[in-house]
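Residue numbers (my numbering): 391 to 691. The beta-carbon is built from N, C-alpha and C at its ideal position, and this holds for glycine as well. Worksheet: one structure, shown below.
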Amino acid sequence: MEALGAADSTEMSNERKAAILLHTIGSEVQDIYNTLEVPETTKKDWKNLFDYLEHHFKPKENETINRHQFHTRKQKESESVDMFITDLKKLSQNCNFGELRDSLLRDRIVCGILDKKVRDRLLREAKLDLTQCVNICNAAELAEAQSKQLSEETNVSMVRKNAGNLNRKQQNNTKIPKLEADTNKQSKCRKCGLFHWKNCPAYGKICRNCRKYNHFDKMCRYKKTNLIEECEVEEEGAETDLFVGVIETNTKQVNSVKEWVQKIKIKGSEIECKLDTGVEVNILNMKTVKSLNAKVRTSKI
Numbered sequence: 391m392e393a394l395g396a397a398d399s400t401e402m403s404n405e406r407k408a409a410i411l412l413h414t415i416g417s418e419v420q421d422i423y424n425t426l427e428v429p430e431t432t433k434k435d436w437k438n439l440f441d442y443l444e445h446h447f448k449p450k451e452n453e454t455i456n457r458h459q460f461h462t463r464k465q466k467e468s469e470s471v472d473m474f475i476t477d478l479k480k481l482s483q484n485c486n487f488g489e490l491r492d493s494l495l496r497d498r499i500v501c502g503i504l505d506k507k508v509r510d511r512l513l514r515e516a517k518l519d520l521t522q523c524v525n526i527c528n529a530a531e532l533a534e535a536q537s538k539q540l541s542e543e544t545n546v547s548m549v550r551k552n553a554g555n556l557n558r559k560q561q562n563n564t565k566i567p568k569l570e571a572d573t574n575k576q577s578k579c580r581k582c583g584l585f586h587w588k589n590c591p592a593y594g595k596i597c598r599n600c601r602k603y604n605h606f607d608k609m610c611r612y613k614k615t616n617l618i619e620e621c622e623v624e625e626e627g628a629e630t631d632l633f634v635g636v637i638e639t640n641t642k643q644v645n646s647v648k649e650w651v652q653k654i655k656i657k658g659s660e661i662e663c664k665l666d667t668g669v670e671v672n673i674l675n676m677k678t679v680k681s682l683n684a685k686v687r688t689s690k691i
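Okay, here's the thing in structure tokens:
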């Protein structure tokens, strides 16, 4: 349109300009144009032809609908303040507000803006004009964007810091399996129950169970479950510590196997004793001891 108007009338006739206009409007518009009853005088004058086509394709304005669209317009979730205000100004152009246009734009911005804090800020202004309203909205949006950016930078910094601490922790933990692997290669000490290369902590210590040296009571092979009396025959005055282990079980014995007994001669008398290769002494009852006429004393083991 502007190019046709800029062309000198002496160089190009109005009829030729009209032909160029029809050529540039496209095939779809040309198909519609061919169905219209355009006066011949209009076809030969490009200005009249342009006005004719514009009147045909441009819908008729409905002021009520335009004002309804304006008064119900609200800011969308993903819409910036600037885009919202720009669209309001476009809608107001076809509403015939006249001198009330700026004040109605201000009211629509206050009612339609999403940020409740900004709306409260606008409502506190006693004399709020359109320019001041737009400036407050833009400043609030800019401040929120900058605050969000600072928060994201802080979060990134914290993530990097935590990642560094985690990497150092993982590096420190990688040394632990090696130490455990070295420890597992050692066997548990039978004297103290611990893992060590040398210098057993039980060396020189007295067991509280058997009173022998160089092992702890938890590793003692002589598990004392009960106190018993020990009878000892003193023949030569020698005194030897004897230990008897007693183990009680709930297993039911089978009587099909005969006990292993043997007669042993003590001081000329034959005493029937039960043989057990796992003990150091045999126990005699008091009746048998008295029958031997031997000197005995009682002692605690």
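Backbone CA spacing between residue i and residue j [nearest angstrom]
| i | j | result |
| --- | --- | --- |
| R496 | R463 | 13 Å |
| P429 | H413 | 18 Å |
| W436 | E451 | 25 Å |
| C582 | N599 | 14 Å |
| F460 | Q420 | 35 Å |
| D607 | S577 | 19 Å |
| N683 | C597 | 36 Å |
| A592 | F585 | 12 Å |
| E467 | R550 | 32 Å |
| Y612 | R558 | 49 Å |
| Q664 | K602 | Note that residue 664 is Lys in the sequence shown, not Gln. Their backbone Cα atoms lie some 28 Å apart in a straight line. |
| K685 | V679 | 9 Å |
| G446 | T431 | Note that residue 446 is His in the sequence shown, not Gly. Distance between the alpha carbons of H446 and T431 is about 17 Å. |
| C523 | E542 | 29 Å |
| K434 | K506 | 59 Å |
Residue range of the unbroken alpha helix (DSSP H) whose run includes residue i
| i | result |
| --- | --- |
| I661 | Premise fails: I661 lies in the beta strand (DSSP E), 659 to 664, not in any alpha helix (DSSP H). |
| I656 | Premise fails: I656 lies in the beta strand (DSSP E), 651 to 656, not in any alpha helix (DSSP H). |
| F474 | 471 to 482 |
| G502 | 491 to 502 |
Within 8 Å, strictly: CB atoms of residue i and residue j
| i | j | result |
| --- | --- | --- |
| L443 | A408 | no |
| N486 | E453 | yes |
| E531 | S470 | yes |
| N503 | R511 | It is worth fixing the name first, because residue 503 is Ile in this sequence and not Asn. It is not a contact, given that the beta carbons lie outside the stated cut-off. |
| I455 | I475 | no |
For residue i, three-class secondary structure by DSSP
| i | result |
| --- | --- |
| Y603 | strand |
| V428 | coil |
| I596 | strand |
| V686 | strand |
| F460 | helix |
| S537 | helix |
| I371 | Not covered by the structure: residue 371. The range shown for the chain is 391 to 691. |
Any non-hydrogen atom of the ligand COA within 7 Å of residue i CB
| i | result |
| --- | --- |
| Q420 | This structure does not include the ligand COA; it has no bound ligands of any sort. |
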